[in-house]
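A.B. asks: One gets the working numbering by counting positions in the sequence shown from 1 and adding 100 to each.
Glycine residues also receive a C-beta, built at the ideal position from the N, C-alpha and C atoms.
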Amino acid sequence: MKISVLGCGRWGSFIAWYLNRTGHEVTLYGRPGSKRMAGFLQTRMNGLVTLPGSVRLTCDLKEAAEAETLVISVGSQSLRGLMGELCQLKLPAKCYVLCMKGLENSTGERLSEVAGEFLGDNDEIAVWLGPGHVQEFTRGIPNCMVIDSVHPATKERLVGEFSGELIRFYFGNDLIGNEVGAAAKNVIGIAAGMLDGYRLSSLKGALMSRGTREIARLIKAMGGNELSAYGLCHLGDYEATVFSPYSHNRQFGESFVKGERYTELAEGYYTVEALLLLEQKYAVELPICRAVYDVLYRGRDPQRTLDGLFLRSLKREF
Ligand SMILES: NC(=O)C1=CN([C@@H]2O[C@H](COP(=O)(O)OP(=O)(O)OC[C@H]3O[C@@H](n4cnc5c(N)ncnc54)[C@H](OP(=O)(O)O)[C@@H]3O)[C@@H](O)[C@H]2O)C=CC1
Ligand SMILES: O=C(CO)COP(=O)(O)O
101 MKISVLGCGR
111 WGSFIAWYLN
121 RTGHEVTLYG
131 RPGSKRMAGF
141 LQTRMNGLVT
151 LPGSVRLTCD
161 LKEAAEAETL
171 VISVGSQSLR
181 GLMGELCQLK
191 LPAKCYVLCM
201 KGLENSTGER
211 LSEVAGEFLG
221 DNDEIAVWLG
231 PGHVQEFTRG
241 IPNCMVIDSV
251 HPATKERLVG
261 EFSGELIRFY
271 FGNDLIGNEV
281 GAAAKNVIGI
291 AAGMLDGYRL
301 SSLKGALMSR
311 GTREIARLIK
321 AMGGNELSAY
331 GLCHLGDYEA
341 TVFSPYSHNR
351 QFGESFVKGE
361 RYTELAEGYY
371 TVEALLLLEQ
381 KYAVELPICR
391 AVYDVLYRGR
401 DPQRTLDGLF
411 LRSLKREF
C-alpha cells in the first residue's frame, strides 16, 4: 500500500518505521520548519527510531498527499489546521487513519468528527489506537492495538494490511467509545503522575477502577458501548500510561505537582477541557477528570484536590 504519514514526532515517525517494515511504500511528512524533520533529513534518526532509506522524507504536503492512504499523527489540537491545509489541495477520495489520542478542547469533538468536517462522502476515516511505546516496539516487544471505522470494509482492509509480528490489531466496533476512551486515558495518566509525585502510587489501583467507571459512564451517555472503557483503547492502555516511565502524560502530572517544567506533548492537558464540556453536555459526573481540570486550570492545590476525592459522599461501587 502507498502510505504517507503526516506528522514526524515520536509516534508519526514510529508509524513510518513500522509500516515500512510491514512492507508498505511509506513517505513521512514533516511541516516546513519542523526541527524534527530537519533532524531526520540530516541523520534519519531522532533518538527513538532510525528510518531506513526506503522511507521517503518530505516537507511538501501536496507530494505527501498523493498516497492513497494518509496516516495522521500530529497533536490533536493541530488536526483542524492540518485538515484545512489538506482540504485546500482538493484531493480525490482517500483513506484517512487518525493515530492520535485526544479530543478537540474548544468543541469537545472527537477527532473523526473534526476530520469529517473537511472530507467528502467517498473519503474513509479510521482510527488506530491502543497501548504501545516506541521504546518497547523498537526493542522487539509486541503489543495489541485496535483499528476502528464506521466503514466495515476499511477496518477489515487496514487490520489486514497493518498487522505484523509487532502489532496484533483487533477490529474495533465502537468508534465513539474507542476515541473517547483513548483520549481520556491520558487524563487518567496525568492523575497517576500526580499520585506518583506525592508518593501515593499505591492509590493507582483505585484510580484504575474508578477511572474506568467514570469514562464508561461518559461513553454510554454519548451513545457508545461502556465496555470500551475496559478495552484496549482505555484500560488496556493504563500499563503504558498510568504505570510506564515512558508516558508523557504520567510524567507531566508528576512534574506538575513537583513544580517542574515539562515540555513534551501531554495530550491529557487539552483533552481534560473537552471532557469537562462533555460532562456538562451529557450530564454525567466525571470526578477524577474534574479534579485534574481544577488543578491544571483553576489553580487548585493538587494535594487538597486529590484529598477532596476521598471526601465525596459515599456511594455504591457499581
Ligand atoms: N500508542 C499510541 O497509539 C501512541 C499515540 N500517540 C499519540 O500520537 C499523537 C502525537 O504524539 P507525539 O508523536 O508524541 O507528539 P510529538 O509532539 O512528538 O509530535 C507531534 C508532531 O506533530 C507535528 N505537527 C503539529 N502540527 C502540525 C501540522 N499542522 N502539520 C504537520 N505537522 C504538525 C509536529 O511538528 P513539529 O515537528 O514542527 O513540531 C510534531 O512533529 C498524540 O495524539 C499522542 O497521544 C503517541 C504515542 C503513542
Ligand atoms: O499512548 C501512549 C501509549 O500507549 C503514549 O502515552 P503518552 O502520550 O502518555 O506517552
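1. Do the segment 257 to 275 and the segment 284 to 301 meet, that is, are 3 or more Cβ pairs less than 8 Å apart?
2. Which residues bound the beta strand (DSSP E) around Asp248?
3. Is Ala340 a contact residue of ligand 2, with contact defined as CB to any heavy atom under 6 Å?
4. Does the distance from the C-beta atom of Pro231 to that of Asp296 stay below 7 Å?
5. Given a threshold of 16 other Cβ atoms within 10 Å of its Cβ, counted over all protein chains shown, does Arg132 qualify as buried or as exposed?
6. If we ignore side chains and look at the alpha-carbon of each, how far apart do Glu417 and Thr341 end up?
7. Taking Cβ positions, are Leu365 and Gly147 nearer each other than 7 Å?
8. For Val357, collect the residues of the same chain with a Cβ closer than 7 Å to its Cβ; drop the 5 residues on either side in sequence, then sort them by chain order.
9. With DSSP as the reference, please indicate the residues paired to Phe269 in a beta bridge.
10. Return yes when at least one heavy atom of ligand 1 lies under 6 Å from the C-beta of Met200, else no.
11. At a cut of 8 Å, does the segment 176 to 183 reach the segment 137 to 152 through at least three beta carbon pairs?
12. Give the secondary structure of Thr312 by DSSP, where H, G and I count as helix, E and B as strand, and everything else as coil.
13. When you compare the CB positions of Ile290 and Val392, do they come within less than 7 Å of one another, or not?
14. Between Ser347 and ligand 1, is the CB less than 6 Å from at least one heavy atom?
15. Relative to the alpha-carbon of Tyr303, which residue among Val246, Leu378, Leu406 has its alpha-carbon at the smallest distance?
16. Write down the C-beta distance between Tyr369 and Leu318 rounded to the nearest angstrom, noting that I regard them as a contact closer than 8 Å.
17. Rounded to the nearest angstrom, how far is the Cβ of Glu224 from that of Thr254, given a contact under 8 Å?
18. For the structure I just gave you, are there three or more beta carbon pairs, one from the segment 154 to 163 and one from the segment 124 to 131, closer than 8 Å?
19. Please state whether the Cβ-Cβ distance between Ser173 and Met145 is less than 7 Å.
20. Tell me which residues share the same chain as Gly311 and place their Cβ nearer than 6 Å to its Cβ, disregarding the 5 neighbours each side in the sequence.
21. Using only the alpha-carbon positions, how far apart do Leu198 and Thr371 sit?
22. Return the residue from the list Arg110, Ser113, Leu119 that minimises the CA-CA distance to Val259.
23. Pro152 to Ala226, Cα distance in whole Å?
24. Under 7 Å, do Asn278 and Cys244 count as touching if we go by C-beta distance?
C.D. replies: Taking the coordinates as given:
1. no
2. 243 to 249
3. yes
4. no
5. First, the residue type needs correcting, since residue 132 is Pro and not Arg in the sequence shown. Result: exposed.
6. 24 Å
7. no
8. Met294, Gly297, Tyr298, Pro402
9. Met245
10. yes
11. no
12. helix
13. yes
14. no
15. The amino acid occupying residue 303 in the given sequence is Leu; Tyr does not appear at that position. Comparing Cα positions, the closest option is Leu406.
16. The Cβ separation is near 18 Å, so there is no contact.
17. 4 Å
18. yes
19. no
20. Ile288, Ile388
21. 16 Å
22. Leu119
23. 27 Å
24. no
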